[in-house]
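Protein chains: 2
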Amino acid sequence: MKTVDKAMGLLSHFTPTQPEIGLSELARLADLDKATTRRILKSLIKHHFIEQNQITKAYRLGSGFLHLARVREATTPITAIATQTVDWLCEITHETAHASVAGPSALITIAHKEPHRGTVVMIDPTEPLPFHATASGIAFLAFNEPDLMEAALRQQLGKYTKFTETDPDAIRQRVLKAKEDGFYLNEHGFESDVAGLAMPYFNADGSAAGAIAVAMPITRKSDELVTKVKRNVAAASARITTAIGGVLHPNVQKLIR
Amino acid sequence: MKTVDKAMGLLSHFTPTQPEIGLSELARLADLDKATTRRILKSLIKHHFIEQNQITKAYRLGSGFLHLARVREATTPITAIATQTVDWLCEITHETAHASVAGPSALITIAHKEPHRGTVVMIDPTEPLPFHATASGIAFLAFNEPDLMEAALRQQLGKYTKFTETDPDAIRQRVLKAKEDGFYLNEHGFESDVAGLAMPYFNADGSAAGAIAVAMPITRKSDELVTKVKRNVAAASARITTAIGGVLHPNVQKLIR
DNA sequence: ACCCATGGTTCATTATTATCACCATCGGCA
DNA sequence: TGCCGATGGTGATAATAATGAACCATGGGT
Numbered sequence: 001m002k003t004v005d006k007a008m009g010l011l012s013h014f015t016p017t018q019p020e021i022g023l024s025e026l027a028r029l030a031d032l033d034k035a036t037t038r039r040i041l042k043s044l045i046k047h048h049f050i051e052q053n054q055i056t057k058a059y060r061l062g063s064g065f066l067h068l069a070r071v072r073e074a075t076t077p078i079t080a081i082a083t084q085t086v087d088w089l090c091e092i093t094h095e096t097a098h099a100s101v102a103g104p105s106a107l108i109t110i111a112h113k114e115p116h117r118g119t120v121v122m123i124d125p126t127e128p129l130p131f132h133a134t135a136s137g138i139a140f141l142a143f144n145e146p147d148l149m150e151a152a153l154r155q156q157l158g159k160y161t162k163f164t165e166t167d168p169d170a171i172r173q174r175v176l177k178a179k180e181d182g183f184y185l186n187e188h189g190f191e192s193d194v195a196g197l198a199m200p201y202f203n204a205d206g207s208a209a210g211a212i213a214v215a216m217p218i219t220r221k222s223d224e225l226v227t228k229v230k231r232n233v234a235a236a237s238a239r240i241t242t243a244i245g246g247v248l249h250p251n252v253q254k255l256i257r
Numbered sequence: 001m002k003t004v005d006k007a008m009g010l011l012s013h014f015t016p017t018q019p020e021i022g023l024s025e026l027a028r029l030a031d032l033d034k035a036t037t038r039r040i041l042k043s044l045i046k047h048h049f050i051e052q053n054q055i056t057k058a059y060r061l062g063s064g065f066l067h068l069a070r071v072r073e074a075t076t077p078i079t080a081i082a083t084q085t086v087d088w089l090c091e092i093t094h095e096t097a098h099a100s101v102a103g104p105s106a107l108i109t110i111a112h113k114e115p116h117r118g119t120v121v122m123i124d125p126t127e128p129l130p131f132h133a134t135a136s137g138i139a140f141l142a143f144n145e146p147d148l149m150e151a152a153l154r155q156q157l158g159k160y161t162k163f164t165e166t167d168p169d170a171i172r173q174r175v176l177k178a179k180e181d182g183f184y185l186n187e188h189g190f191e192s193d194v195a196g197l198a199m200p201y202f203n204a205d206g207s208a209a210g211a212i213a214v215a216m217p218i219t220r221k222s223d224e225l226v227t228k229v230k231r232n233v234a235a236a237s238a239r240i241t242t243a244i245g246g247v248l249h250p251n252v253q254k255l256i257r
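Just so you know, the protein sequences line up as chains D and R, in that order. Letter 210 of the first sequence, counting from 1, is numbered 210 in the UniProt record's numbering, and no numbers are missing. Letter 100 of the second sequence, counting from 1, is numbered 100 in the UniProt record's numbering, and no numbers are missing.
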C-alpha cells in the first residue's frame, strides 16, 4: 500500500523542533512531488490529522492524534503505567528513570523522572532515542525480530559522543549480549559521562514493546549500584509488562531474584 | 486520495468500547473488502499506528499516536490549556465544565472537571459529543463552514432523550441562533435534566477549533446562573483561543463584558 | 461430521495516482 | 520600477497501484 506509506511518511517529518512545514519543504523532505504531497495533505486534513495555518499556509499535526491517543490510552494505558513505574523506579534507585516505546526509527520517551539531588542525568522527553546508541535501543532490538535490527542498522548511525559505537557488527554483538543477559549497560553511548541500564518490556506475543531504563552519572557507577539498579529495572519491566498483558521473557524474569 | 481516506476511515472505528477489532468485522464496519482492509492494516502496522494481538489476531491502535499526540501537544498545547481553563471554569461557576475538539464525526472531550457538591453533572470523557444534540456541538457548527454542518446533518441523528431535536431544519435554526448569540444553551438534548451552555474557541483563521461548556442540573438553572456562566465561559473561550493563537469572534468577545 | 465463521492470500482486472507543465503571488534586490 | 527565484496551488494524461472474487486453512458450535 504505497499510498498509505507515503501519507504516514509525511507525518513523521513533524517534530517538536519543526512543528509547521510548508508544502514545498515537506515535499522535499518526503521526496515526493508537490502535487502528490498536497493531495495527501488534503485527505489528512479532512480527517483532522493535519491542520493548515491559514496565514503562513504551513501544515501542522491535527487534533485527530489527541483523540486516538486517548482511545489507545483508555485501553492500553501504557503512559499511565509507565509514569507510575518510572516514578517508583526513580525513587527507589535515586537515579533518573525513563520509559520509551517503539517509534518509526527510534524509541520515543513516554515517561521520565529525575531524582532530587545534586548531579542527575537530565532527559529531553522530545528527543528520540536512537537504537544503536542507547541502552534502551539495544535492549529493545535484542527482543525483537532480527529484521527490525537490520533495518535499524541500515539507517545512518549517528555518532553522538566520541565513544558511540557505529560499527554494525559490533552493535550486533551488543544486541546478542543483551539477549543473553536480559539487559544492556551502555556507557557514553548517547551522552558523555552517562551510563544507562535498560531492559525491554513485552507484548503478549513476547516481543519487546519498548524499554525502561535508569541513567546515572558514570562517576557514580559501582558494582553495588548496578546490581541494585538491575534488580529494580527488572521489577519495573515486569510491572509494565503484566499491566499491558504481555509475557515477560525468562532472561528478564531471572534478574528480579 | 481515496486510499488515504480508506486508511483513515479504518482508524475511526476503534473506540474505547471496541478497542480491538478482527479483520472481517473491521472490513464490514468500514465497508471495504477483506483483502483491501488487510493490506491497509499491514501498512499501518509498519508505521506503528496499528498493532495486532498475536493471540486473538485482532487489531488495535498502535503507539504511533502516543508519539504524534506528544509532538502536537508540545507545539499546540491544547490539552494543557484546556485542562487549566476547565478547572478554573468549574471552580468559579461551581458547575461541571468540559472542553472538546473536533473529531471525525463528533466532538471529543479533552478535559473535564466536576465540582465538589451534592448534585453535579457527570461527564464520560470517552463518549463523543454528537453535533446535533449538544450545546457544544451546535456552538461548534455555528462557527464553521456550512459544509461541515450539512455533513453533520446527513449523519444518523440519534435521539438521546425524548427532547433531543432530530429535525435538520430545526437544528439549522439553532445553529443560526448560536451564530448570532455567540453561545448556545441546550436543555435535555443529550442527557435528561441537564442544561449545557457552550461556546466555541477559535483557530487563527477564525473558524471554531472546538468548544468549551458548562453543564448544570436543569433544576439549578436560573437567569442569574446563566448570566454568570455565560460570562465565564466567554472568558474561558478567550483564554483558550489566545493560548492557541486563534482569533476570538466578536460575538463571543462581546459576552465577556 | 458437518457447517459457517474466521484470518489470510493470489492474480487478472480495473481504477487510482504520479508527473510535469503550468499559473498566481510574494519578498527581496538592484 | 522590473526582474529573479522562491513559494502555494492546480489540471490533464501517462504510468502505476489498488481492487475483489475466488481460493485455502483453521477452529469453534451444533
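Note that CB positions come from ideal geometry on N, CA and C, so glycine has one too.
Here M216 of chain R is buried. Its C-beta has 16 or more other C-beta atoms within 10 Å. In this structure, the alpha-carbon of A106 of chain D lies about 25 Å from that of V226 of chain D.
In chain order, G64 place their CB closer than 7 Å to the CB of H47 of chain D, counting only its own chain and leaving out the 5 sequence neighbours on each side. Contact check for K254 of chain D against G182 of chain D passes: the beta carbons are separated by less than 8 Å. Contact check for G158 of chain R against A133 of chain R passes: the beta carbons are separated by less than 8 Å.
The C-beta of Q84 of chain R comes no closer than 8 Å to any C-beta of chain D. Here Q52 of chain R is buried: its Cβ has 16 or more other Cβ atoms, across all protein chains shown, within 10 Å. Under the Cβ criterion (8 Å, minimum of three pairs), the region 135–147 of chain D does not count as touching the region 115–122 of chain D. With contacts defined as CB atoms closer than 8 Å, T85 of chain R and A234 of chain R fail to qualify as a contacting pair. The bridge partners DSSP lists for F202 of chain R are R:A208. Its chain contains K6 as the residues whose beta carbon lies nearer than 7 Å to that of L32 of chain R, once the 5 sequence neighbours on both sides are disregarded; these appear in chain order. At a cut-off of 8 Å between C-beta atoms, Q54 of chain R counts as an interface residue with respect to chain D.
Rounded to the nearest whole angstrom, the CA to CA distance from A135 of chain D to G246 of chain D is 21 Å. When Cβ-Cβ separations below 8 Å define contact, I171 of chain D makes no contact with chain R. Secondary structure of G137 of chain D (DSSP, three-state): helix. Beta-bridge analysis with DSSP links T15 of chain D to D:Q18. Any Cβ of chain D closer than 8 Å to the Cβ of T93 of chain R would place that residue at the interface, and such an atom is absent. At a cut-off of 8 Å between beta carbons, G182 of chain D makes no contact with chain R.
A residue is called buried when at least 16 other Cβ atoms come within 10 angstroms of its Cβ; R72 of chain D meets this threshold and is buried. At least 8 Å separates the CB of T241 of chain D from every CB of chain R.
The continuous stretches of alpha helix (DSSP H) do not include L248 of chain D, and DSSP gives it neither H nor E. Collapsing the DSSP output to three states places H98 of chain D in a strand. Counted as a single uninterrupted DSSP element, the stretch harbouring Q52 of chain D is not any alpha helix (DSSP H) but the beta strand (DSSP E) occupying residues 50–52. S43 of chain R is positioned such that its CB atom lies closer than 8 Å to that of M1 of chain D. As DSSP reads the structure, H112 of chain R sits in a beta bridge with R:H98.
Taken in chain order, the complete beta strand (DSSP E) segments of 3 residues or longer contained in the region 43–86 of chain R are 50–52, 59–61. Beta-bridge pairing by DSSP links M216 of chain R to R:A195. Assigned with DSSP and collapsed to three states, N186 of chain D falls in strand. The beta carbon of T75 of chain D falls within 8 Å of a beta carbon belonging to chain R, placing the residue at that interface. For L26 of chain R, same chain residues with a beta-carbon under 7 Å away, outside a window of 5 residues either side, are L10, H13, T37, Y59 in chain order.
Here A30 of chain R has K6, G9, L10, H13, T37 as same chain residues with Cβ atoms under 8 Å from its own Cβ, once five neighbours each way along the sequence are excluded.
Closest option to S192 of chain D, judged by alpha-carbon separation, among D:F202, D:P168, D:K162: D:K162.
For N232 of chain D, the uninterrupted alpha helix (DSSP H) segment begins and ends at 223–243. Cβ proximity to chain D below 7 Å picks out I108, I110, T126 from the region 106–129 of chain R. In the structure shown, L10 of chain R falls within a helical segment according to DSSP collapsed to helix, strand and coil.
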